[in-house]
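Q:
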Amino acid sequence: MEGVTKGVNITDSSYNNNKNHIQVSNTKKPIFFYVNLAKRYVEQNNEVELSALGMAIATVVTIADILKNNGLAFEEEDHDFYN
Numbered sequence: 003m004e005g006v007t008k009g010v011n012i013t014d015s016s017y018n019n020n021k022n023h024i025q026v027s028n029t030k031k032p033i034f035f036y037v038n039l040a041k042r043y044v045e046q047n048n049e050v051e052l053s054a055l056g057m058a059i060a061t062v063v064t065i066a067d068i069l070k071n072n073g074l075a076f077e078e079e080d081h082d083f084y085n
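Per the numbering used here, the sequence shown starts with residue 3, numbered consecutively.
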């Protein structure tokens, strides 16, 4: 996973107490539920953290791409996710 989008941190952690955190599942809700929720978090707080495990990681990447295409996020180069 390369890059961070404006206010969107993509992680694969299983738990986070951050109020801007969305734990994505690819079986519980439709993808646009997460897209709209992430848009709302970015608009309200200028950031959102998306996380997923396993097969849902691809869903997080898709959500980040949609946010990027809508101008709510941008990609940064050379970001280290495992500080």
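Beta carbons are placed, not taken as given, at the ideal position from N, Cα and C, and that holds for glycine.
For V26, which of helix, strand or coil comes out of DSSP?
A: In this structure, V26 counts as coil in the three-state DSSP scheme.
Q: Can the beta-carbon of V37 be found less than 8 angstroms from the beta-carbon of A58?
A: Not a contact, by the Cβ cut-off of 8 angstroms.
Q: How would you call L55, buried or exposed, if buried means at least 16 neighbouring beta carbons within 10 angstroms?
A: That one is exposed.
Q: Output yes or no for whether 8 angstroms exceeds the beta carbon distance between L69 and K41.
A: Yes, they are a contact pair.
Q: Can you list, in chain order, the residues of its chain with a C-beta nearer than 8 angstroms to that of N85? Leave out the 5 residues immediately preceding and following it.
A: Only weak support is given to the placement of N85: the predicted model assigns it a pLDDT of 48, under 50, and the question is left unresolved by the model.
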